[in-house]
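Data first, discussion second: the structure below is written as structure tokens.
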Amino acid sequence: MASLSEEVLLVVKKVRQKKQDGTLYLMAERIAWGPEGKDRFTVSHLYADIRCQKISPDGKAKIQLQLVLHTGESTTFHFANESTALKDREAAKELLQQLLPKFKKKANKELEEKNRMLQEDPVLFQLYKDLVVSQVISAEEFWANRLGGMNNGEAAPYSNKQDVGISGAFLADIRPQTDGCNGLRYNLTADIIESIFRTYPAVKQKYSENVPHNLTEKEFWTRFFQSHYFHRDRINTGMQDIFSECAKQDEKGLKSLVNQGVKNPLVDLLSLEDKTLDEGYGIRTAVPSTSNASKTVKESSNSAIIKRFNHHSAMVLAAGSRKGDVPTDQASETSSTDGNSRDSDFFQPPLKKVKLQEAIEYEDLQRENKPKVVALNLKKSDRYAHGPVPLQSQQYTTSQDIINSVSYIQHEMANYKPNLTQVLSSAVASSAIAALSPGGVLMQPVAPQAINQMVPTEIQGELKHLYVAAGELLRHFWSCFPVNTPFLEEKVIKMKSNLERFQMTKLRPFQEKIQRQYLSTNLTGHLEDMLQAAYSKFHIWQTRRMMRKT
Amino acid sequence: MRLNIDGLLVYFPYDYIYPEQYSYMLELKRTLDAKGHGVLEMPSGTGKTISLLSLIVAYQRAFPLDVTKLIYCSRTVPEIEKVVEELKKLMEFYAKETGEVNNFLALALSSRKNLCIHPEVSSLRFGKEVDGKCHSLTASYIRAQRHANPNVPACRFYEEFDSVGRQVPLPAGIYNLDDLKDFGRRKGWCPYYLARYSILHANIVVYSYHYLLDPKIADLVSKELAKKSVVVFDEAHNIDNVCIDSMSVNITRRTLDRCQNNVETLQSTIHTIKETDAAKLRLEYRRLVEGLKEANVARETDVYLSNPVLPDEILQEAVPGSIRTAEHFVGFLRRFLEYLKSRLRVQHVVQESAPQFLKDIFDKVCIDRKPLRFCAERLHSLLRTLEIADVADFSAVTLISNFATLVSTYSQGFTIIIEPFEDRTPTIANPVLHFSCMDPSIAIKPVFQRFQSVIITSGTLSPLDIYPRILDFRPVTMASFTMTLARTCLCPLIVGRGNDQVALSSKFETREDFAVIRNYGNLLLEMSAIVPDGIVAFFTSYVYMENIVASWYEQGILENIQRNKLIFIETQDAAETSMALEKYQEACENGRGAILLSVARGKVSEGIDFVHHFGRAVIMFGVPYVYTQSRILKARLEYLRDQFQIRENDFLTFDAMRHAAQCVGRVIRGKTDYGLMIFADKRYARADKRGKLPRWIQEHISDGSLNLTVDETVQLSKHFLRQMAQPFRQEDQLGLSLLTLQQLESEEMLKKISQIAHQT
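Heads up: the protein sequence lines correspond to chains A and B, in order. Heads up: the first sequence is residues 1 to 550, going by UniProt numbering. Heads up: the second sequence is residues 1 to 760, going by UniProt numbering.
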């Protein structure tokens, strides 16, 4: 039995799958289920393959756990032990909850990466369909050197994808649902947790401090949602709230943000007024400084909400633009220590100047300095897109040359004397004219235009796919040379057979198809040539190897 | 281009011109020709500043004897700097066109905080600290002390300026604040004092309102400015409030306590001085006997700008004997202080006029009107004599003495209100004595009297005729200019109903109504989904905003809005709001989009522009009426009714609408800009409200968009935004809202232009 070598973490009996009783095993790396009385598993999933688990709502009669795989398939287990079903399920769920994320990170990353690459690149996707789905090469082979490039080379074009910001409303997406008996349920996804961590580094810190030593993950989030930290309008909190510290830290962060001041002098409200009225003058009475005591609870909760929104928005914004996870506090500290305004004095003017210039600019009052250009007026845009035929000879003639030659020709023509004894016979001449008229033998249109016009677009598309697929296979093939390891030897042989298979399964049908449609078969000529080149290379290599062996 | 404005050659530093700019310059020229005052309203973003500068500089060059100086007053420091930058552009153009270096001197003046280059002093954060520290280094007697004791710290920049700087005038050129600082650093001179000294002979001075309107500052800075100056108040829609603020005084118990301390310090200083240097006090006494003759002579010969706090009459008299000696005066102050303390011990609200107050003070503590009037001047003299280091410490006693002078000088235009507690917290005793000015014309009168032309201009001055009335002057020109547009780039919509037909309004009765709040939330939510980049929303007051935000939060509306845009909210803390503002701009900049919730009459609504994508829509939730229950406001309304025949409601509506227009106008900053202006209150549809909006907004409100539902608004907005998103090129504007010189000179266009100015 396979499980002998593995560590079994949990065994749950009386679990039904597809209406069959059996036992569920949770092991170190996979989850498995075997029907009762048999010693093999009919269901076995690696944790890395599982995307998520779902459980049936509490009120339901059947107590079930569903595993959704990355492939989209799902497996449902029904906990049938009447007395302990719920407990069993909870136990399984808890364990899975702890196990899955560990594997997820590894598997997910790769999978997501593949997924994303396919989504972002339609050509690749087509290739994938052509080669993998039609089983010309296996998926591993397909990904082998693509992902390799991914993982090693940071410079790979795919790796510097754009950072995704955080939705401003991620907290709003956690809709609390009542569970019917005086409780609230919050649905957290990995994305939301990620958002919370990125926006509130303080929470992340708390998390890493407390989970899993002091609290389980679930407890942590339960406390999070209970805390006033989440409900900012609640003012009074018990001291035992672990998030009260976070709130303080946030407050500090906000304060340091405020203390940093603003870089754009045009929005600095503090230095807006040139001369404020002295204390005691003016109509508007200043806000009484003793008002803290007199503020009602409601008022201070209102201002707490406002503060919170400002802070939240600022953090979301910062999280979006932050590179890596630089703790904000540090950055703000360093900048506040040199808060010597002398420094800022020296750095300020350029920005200020720019902003001022921007503010007084009337772009429409100024004449544009750009040289006037003639608007492009195309009658036939396809002609523009194809461009003029490049000059065959790269020698350009100067105008002097042209003038010279024109005068030369003029001179020649002036002195032209037909040599009537050596002209063509009229029959030959007329056949030459016929050959040169449109439709004549010598007036065959040139090849590239012909493809455009003669071949239907779907054939063209198919041909393109074929080219791409063939190119991909050939790339794999040629990348094996020089063959200097046994692995490469194996691969080159495999690739050759792949190529042959490709020729058989893809290229031949296509050729037959175009033949049926009476198109010239030399459409695929080049493809064949390429394959032939590969084959001949393979043969040379093989004969050489044979010779070496003998 | 070179323009011919009514026979005057004007250099205009651009290749094209807006028709309204031409029209504006025409009106301005007329005003200057008539040597009178003018009120001009021109939409924001149509190049008002550059038109003003071009014309006045040209005028100064053509008639150097008629207009010697331009005093350009703006409201905020960035505005001031912008004006100087535009001036620089103009002067560069002059140099290029005429080929000669002109000898114009123009400079910006700001407070020490923005100009100081002393390493220690300038590192202080608050303006008041900088002023105090500077004073402690540069006051005359401190410097005198240093002669005896070289260890007394000094500001080397000031010393250098004092010894060399005054002899050599500032070389001609345009100096912004930073340029002054650079120049100061290079020469080792104090930029602040250099600027203050140089404004006397500069051709153009750019500074903030307070330097001209606040008598406390104007007396120091602007007293000697030439009479033949043109004064421009830009962004002047709030000028009456600035005037009133500068003349009003609030006295709390804390003020009195600090004042008590001040008086004690004065007393002890007098004692010590008496023992060491009695001659000084005797000298002062003699000076006071002679009275304020010097000042009187200066004012009569028209050298000084008169100071409303220091009325003309007292200049002719000597300081009354009862407060002439230092001890007597301190005793007098103490009595006055005790009287004020007793007045603050009230249980109910008291409102009285200045004469009533004077009678009461005479009855209770036998203080006469006459010595009270000299109080401010007497204290000033005493502080000088006693060589007080930090005048900022004596702000309380200065405040009290200013109050004494004001209350005894003006029998009209002021009211005294003593409130034992705040209205919202009737249980907490916090007595305040408001001495509030109700007549803005008092503070501005000297300006109108002294200077030959005063131009009041802004993007929103509607209705124009109310300003001359409340400021009590007679303008020679009053004009409102429209914005010529090649495409209708502003879209004012009045939302009167929610989708459920609930009338939307911020009026008091429905303020707490959940249906209204919810519908407001829906409006914002829907708009957040369709408007690109930035949205600015204004509420009528801070408290109102807090309540609405809280209930939106409870109803989950804010969360839904967050799906579309980030939310930033103005708070009462300026630093925090600045941060929020910057983040807001950042969010607009990086494409995420954001909403700024803000308050009408707040700092954001009056000082920050939301150009282009920083504001594609502005939503005005409710009509921003001022808090009408305030007694000060009631007194002011009464006064306006009695003195200027302005009905209370007219004034309130005027005030609300000018603030609404200010808020809404923030979003359009030019003809290439575009934006939605959403008035979310059904009361805006009424003719009396709508009619008070600036003409350039009013003319785009169609009858069909007077009472829209939220859904209809969304539809119209979508349509508008789609249209505006189309490319807009210069050629589209040319000939319509943008003119070349040739186009400008055509007969037909000149006729059209003459219709732009709407005379009233």
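All residues carry an ideal CB built from backbone N, CA and C; glycine is no exception.
Buried or exposed for residue i, please, with buried defined as at least 16 other CB atoms from any protein chain shown within 10 angstroms of its CB.
i: A427 of chain A; result: exposed
i: D274 of chain A; result: buried
i: P169 of chain B; result: exposed
i: L419 of chain B; result: First, the residue type needs correcting, since residue 419 of chain B is Glu and not Leu in the sequence shown. Buried is the call here.
i: M545 of chain B; result: buried
i: E377 of chain B; result: buried
i: D343 of chain A; result: Low per-residue confidence applies at D343 of chain A: pLDDT is 41, beneath 50, and the placement is therefore not dependable enough to give any value.
i: C134 of chain B; result: buried
i: E7 of chain A; result: exposed
i: D533 of chain B; result: buried
i: E748 of chain B; result: exposed
i: W478 of chain A; result: exposed
i: L175 of chain B; result: Reading off the sequence, residue 175 of chain B comes out as Tyr, not Leu. Burial call: buried.
Where DSSP assigns a beta bridge to residue i, which residues make up the other side?
i: R30 of chain A; result: A:L46
i: L596 of chain B; result: B:V536, B:F568
i: G188 of chain B; result: According to DSSP, G188 of chain B bridges with nothing at all.
i: E479 of chain B; result: In the sequence as displayed, the identity of residue 479 of chain B is Ala instead of Glu. B:L40, B:Q759, per the DSSP bridge assignment.
i: N4 of chain B; result: B:L9
i: D21 of chain A; result: A:R16
i: L250 of chain B; result: Note that residue 250 of chain B is Asn in the sequence shown, not Leu. Beta-bridge pairing links N250 of chain B to B:H434.
i: I494 of chain B; result: B:F679
i: S458 of chain B; result: B:E41
i: L738 of chain B; result: B:L734
i: G173 of chain B; result: B:L105
What distance in whole Å lies between the Cβ atoms of residue j and residue i, which are believed to be in contact at a cut-off of 8 Å?
i: F374 of chain B; j: I442 of chain B; result: Not really, about 19 Å apart at Cβ, beyond 8 Å.
i: residue 761 of chain B; j: H700 of chain B; result: With chain B covering only 1 through 760, there is no way to say anything about residue 761 of chain B.
i: K29 of chain B; j: L8 of chain B; result: 6 Å
i: Y24 of chain B; j: L40 of chain B; result: 7 Å
i: I530 of chain B; j: V714 of chain B; result: 6 Å
i: V468 of chain A; j: L171 of chain A; result: With 8 Å as the limit, V468 of chain A and L171 of chain A do not qualify as a contact, their Cβ atoms being about 45 Å apart.
i: L213 of chain B; j: I444 of chain B; result: 6 Å
i: L115 of chain B; j: L177 of chain B; result: 6 Å
i: L95 of chain A; j: L9 of chain A; result: 6 Å
i: F77 of chain A; j: Q17 of chain A; result: 6 Å
(message) Short of 8 Å Cβ to Cβ, which residues in the segment 1-28 of chain B face chain A?
(response) Y14, D15, Y16, I17, Y18
(request) Check distances from the C-beta atoms of the segment 15-45 of chain A to those of chain B and list, in chain order, the residues that come in under 9 Å. (result) Result list empty, no residue passes.
(request) Please name the residues in the segment 356-368 of chain A whose beta-carbon is closer than 8 Å to at least one beta-carbon of chain B, in chain order. (result) L356, Q357, A359, I360, Y362, E363, D364, L365, Q366, R367, E368
(request) Below 9 Å between beta carbons is the criterion; list the residues of the segment 699-710 of chain B that meet it against any residue of chain A, in chain order. (result) none
(message) Quick check: the segment 663-671 of chain B against the segment 633-641 of chain B, are at least 3 beta-carbon pairs closer than 8 Å?
(response) no
(request) Please determine if the segment 405-413 of chain B and the segment 222-236 of chain B are in contact, where contact requires at least 3 C-beta pairs separated by less than 8 Å. (result) Between the segment 405-413 of chain B and the segment 222-236 of chain B there are fewer than three inter-stretch CB-CB distances shorter than 8 Å, so the stretches are not counted as touching.
(request) Identify each residue in the segment 256-270 of chain A for which the Cβ-Cβ distance to at least one residue of chain B is less than 9 Å, and report them in chain order. (result) Those residues of the segment 256-270 of chain A that come within reach of chain B (Cβ to Cβ, closer than 9 Å) are L257, V258, N259, Q260, G261, V262, K263, N264, P265, L266, V267, D268, L269, L270.
(request) With 8 Å as the C-beta to C-beta threshold (strictly closer), list the residues of the segment 717-744 of chain B near chain A in chain order. (result) Q730, Q733, L738
(message) I'd like to know if the segment 480-499 of chain B and the segment 673-682 of chain B are in contact, where contact means that at least 3 CB-CB pairs between them fall below 8 Å.
(response) yes
(request) Give the residues from the segment 183-210 of chain A that approach chain B closer than 8 Å (Cβ to any Cβ), ordered along the chain. (result) Residues passing the 8 Å Cβ filter: none.
(message) Output needed in chain order: residues of the segment 340-357 of chain B with a Cβ under 9 Å from some Cβ in chain A.
(response) none
(message) Within 8 Å, do at least three Cβ pairs link the segment 445-452 of chain B to the segment 653-666 of chain B?
(response) No, they do not touch.
(message) Quick test of the definition: if touching needs 3 or more C-beta pairs under 8 Å, does the segment 589-597 of chain B touch the segment 560-572 of chain B?
(response) At 8 Å Cβ cutoff, the stretches touch.
(request) Output, in sequence order along the chain, the residues in the segment 555-575 of chain B whose CB is closer than 9 Å to any CB in chain A. (result) G556, L558, E559, N560, I561, Q562, R563, N564, K565, L566, I567, F568, I569, E570, T571, Q572, D573, A574, A575
(message) Can you pull out the residues from the segment 603-629 of chain B whose beta carbon lies closer than 9 Å to at least one beta carbon of chain A?
(response) Sequence-ordered contacts of the segment 603-629 of chain B with chain A read K603, V604, E606, G607, I608, D609, V611 [C-beta pairs closer than 9 Å].
(message) Tell me whether the segment 186-201 of chain B and the segment 87-103 of chain B touch, counting them as touching only if at least three CB pairs, one residue from each stretch, are closer than 8 Å.
(response) No, the segment 186-201 of chain B does not touch the segment 87-103 of chain B.
(request) Could you run through the segment 441-467 of chain B and flag, in chain order, every residue whose CB is less than 8 Å away from some CB of chain A? (result) none
(message) Residues of the segment 407-423 of chain A in Cβ contact with chain B at a cutoff of 9 Å, in chain order, please.
(response) none
(message) For the segment 280-289 of chain B against the segment 317-336 of chain B, do three or more pairs of beta-carbon atoms, one drawn from each stretch, fall closer than 8 Å, so that the two count as touching?
(response) yes
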